[in-house]
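Under UniProt numbering, the first residue of the sequence shown carries the number 1, and numbering increases by one thereafter.
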Amino acid sequence: MPRERLAAPPEDVTDPLLWRLALDVVASHQPDEGGNCRNLQCAGQRGICSAARTDRHAMGVARTRRSPAVTHEPERAHALRRRPGAVSRLVRYLACPARGCSEVGSTL
Numbered sequence: 001m002p003r004e005r006l007a008a009p010p011e012d013v014t015d016p017l018l019w020r021l022a023l024d025v026v027a028s029h030q031p032d033e034g035g036n037c038r039n040l041q042c043a044g045q046r047g048i049c050s051a052a053r054t055d056r057h058a059m060g061v062a063r064t065r066r067s068p069a070v071t072h073e074p075e076r077a078h079a080l081r082r083r084p085g086a087v088s089r090l091v092r093y094l095a096c097p098a099r100g101c102s103e104v105g106s107t108l
């Protein structure tokens, strides 16, 4: 099992599945010594590729904007209901081989 999957999500994560999926993708899309994405699906993309940018955004979406000190279970459950379909949109996006599927790109 990859080390990223074993990482405990931060306290303010309201969607641990989305956070872990995004973490796995970000980990596999790191730049090499020349600045290009190491992932073969992103051949020639310099710096942070589009997949890594999208997944960093998804990691932020998976977190609550409230302070962990005031967060409690009913509040976390409510936060999950505010973002219906976020996980399914990310999964559809990750399944797109060219990362340019028109039906998903604008929804993330």
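Here a beta-carbon is modelled for each residue, glycine too, at the ideal position from N, C-alpha and C.
Where residue i sits in the DSSP three-state scheme
| i | result |
| --- | --- |
| R38 | coil |
Local Cβ density within 10 Å of residue i, reported as buried at 16 or more and exposed below that
| i | result |
| --- | --- |
| H29 | buried |
| A43 | exposed |
| D55 | buried |
| R20 | buried |
| L40 | exposed |
| D32 | exposed |
Residue interval of the alpha helix (DSSP H) (run including residue i)
| i | result |
| --- | --- |
| residue 110 | The structure shown does not extend to residue 110, since the chain is modelled only from 1 to 108, so the question has no answer here. |
For residue i, the residue or residues it bridges with in DSSP
| i | result |
| --- | --- |
| V13 | R63 |
Check: residue i C-beta below 7 angstroms from any heavy atom of the ligand SAH
| i | result |
| --- | --- |
| W19 | What this structure holds is no ligand at all, so the ligand SAH is not there to describe. |
Original post:
Are there three or more Cβ pairs, one per stretch, closer than 8 angstroms when the segment 50-65 is compared with the segment 6-13?
Top reply: Yes: at least three Cβ pairs fall under 8 angstroms.
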